[in-house]
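Take 3 as the starting number for the sequence shown in the numbering used here and just add one per residue. Glycine included, each C-beta is placed from N, C-alpha and C at the ideal position. Remember, it's a predicted structure, so these values are computed and weren't measured experimentally. Below is one structure, written out as structure tokens, with a few remarks after it.
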Amino acid sequence: MDKKNLLDGMSKKQVLDNFRDYVKEQTFFHFGYPYNLEFNNSDLKDFLDYSINNLGDPFEPSNYGVHSRQFEIKVLNFFAELWKIDSFWGYVTNSGTEGNLQAMIVARENLHKGIIYTSVDTHYSVFKAAKFYRMDLELIPSNDKGEIDLEELESRIIKNKELPIILNLNLGTTVKGAIDDVKGVLNILQKLDIPKENYYIHCDGALYAMILPFIDNKNKPIIDFTLPIDSLSVSGHKFIGAPMPCGIFLTRSKNMEAIKTPIEYLNSVDTTITGSRNGHASLYIWNVLVDKGFEGFKEDAIKCTVNAKYMYNKIKELGIYCFINDFSTTIVLERPRCHKFIKKWQLACEKNIAHVVIMPSVNKNKIDLFVNEIAILKDKGQIGT
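Encoded structure:
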């Protein structure tokens, strides 16, 4: 293939300039996916000139020297403090999906023949894990809010009581931003006299594992390792903000003994889903953590929850169906009947609903612009009943 075919009749500079303009425009009109697009990593640009690869286990140095493990471990320590765990293992993943894949393989290797229990509102990566690892899956209905149905969960566990239990619980479902009742699930396990060695709980905290800890509300759900959960994951490119998909996965140290495999030519052990791992991601996450700290993330959490309530009220005032779950920054609304509008604002849609997610990069001016366009759609009969 001649390089001319890669340039579409333009110079390389023209191609890149056009793409820059496209990305800039799409970033402004981004509203349907939970990505924080507000970050400044200008002080890290020089590191893009290096192939930084955190090959293998973060706690087992390999023979490859160009890595950022020292930053990765600092990132993991930050989250260990946030989520209240002393003896832990973890790593910086390439995505939220990888965190869930890691959790399910750790669970399977500790509980052979275990059945995955999770709700229909769960992220597709958990269903992917069940396929990849050939694990049995019990899909539990959700209530109208998107939370796992506890009565049905109990019934399914009783049906399969002789087999180990692997639970994937959601700290903010993908579409509705629902938070599963972790304590309610633990009460079921206690009621059924199921010992800890017979169950594994993973909490998929893709977005809200970074918001809940910073919300000042005595009624908020407590989601950390003071509860008998086994692993917790969060996305790095969502609430934290990063220029590439990434995430953080933590589990209790004892859970990892079942999956460690020594790799001689690496001088390391195989514990992670991928062998080569993006060392830049650890550096970029570390950079945000240093710049913001706990107080900065608390400010972001407050800003997002306030703006989410503001947007919810604005849409509700228009007479358009919408709702927002407790402690959520996801506003669910009736799906607009205008494909151009959906594409422009990059809305995530499912059946008859759509959602917008308020992130730190969203301000009230952008909310007002969106709401004004929604009002025009309503006048045209393209949304609302």
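Going by DSSP, Ile378 is part of no beta strand (DSSP E) but of the alpha helix (DSSP H) stretching over Lys366 to Asp381. Distance from the CA of Lys76 to the CA of Trp288, rounded to the nearest whole angstrom, comes to 7 Å.
Annotated as distal: Asn162 and His204, with beta-carbon spacing of 9 Å or more.
Pairing Ser144 with Glu153, the inter-Cα distance amounts to about 10 Å. Three or more beta-carbon pairs drawn from the stretch 165 to 181 and the stretch 196 to 213 are found closer than 8 Å, and the two stretches are therefore classed as touching. Taking the Cα positions, Ile117 is about 48 Å away from Asp23. By the neighbour-count definition (other C-beta atoms within 10 Å, threshold 16), Gln104 is a buried residue. Taking one beta carbon from each stretch, the stretch 305 to 318 and the stretch 226 to 235 have fewer than 3 pairs nearer than 8 Å; the two do not touch. For Leu57, there is no enclosing alpha helix (DSSP H), as DSSP gives it neither H nor E.
Pairing Asn38 with Asp302 gives a Cβ-Cβ distance under 9 Å. Under the Cβ criterion (8 Å, minimum of three pairs), the stretch 349 to 361 counts as touching the stretch 323 to 335. Residue ranges of uninterrupted beta strand (DSSP E) with 3 or more members, entirely inside the stretch 115 to 199 and ordered along the chain, are 117 to 121, 139 to 142 and 167 to 172. Exposure of Pro197 is indicated by the presence of fewer than 16 other C-beta atoms within 10 angstroms of its C-beta. Under the DSSP definition of a beta bridge, Gly249 partners with Thr95 and Ser237. Apart from sequence neighbours up to five positions away, the residues of its chain that approach Gly281 with a beta-carbon distance below 6 Å are Ile54, Asn55, Asn56, His69 and Ser70, ordered along the chain. Taking Leu9 as the centre and dropping the five residues before and after it, the same chain places the C-beta of Val17 closer than 7 Å to its C-beta, in chain order.
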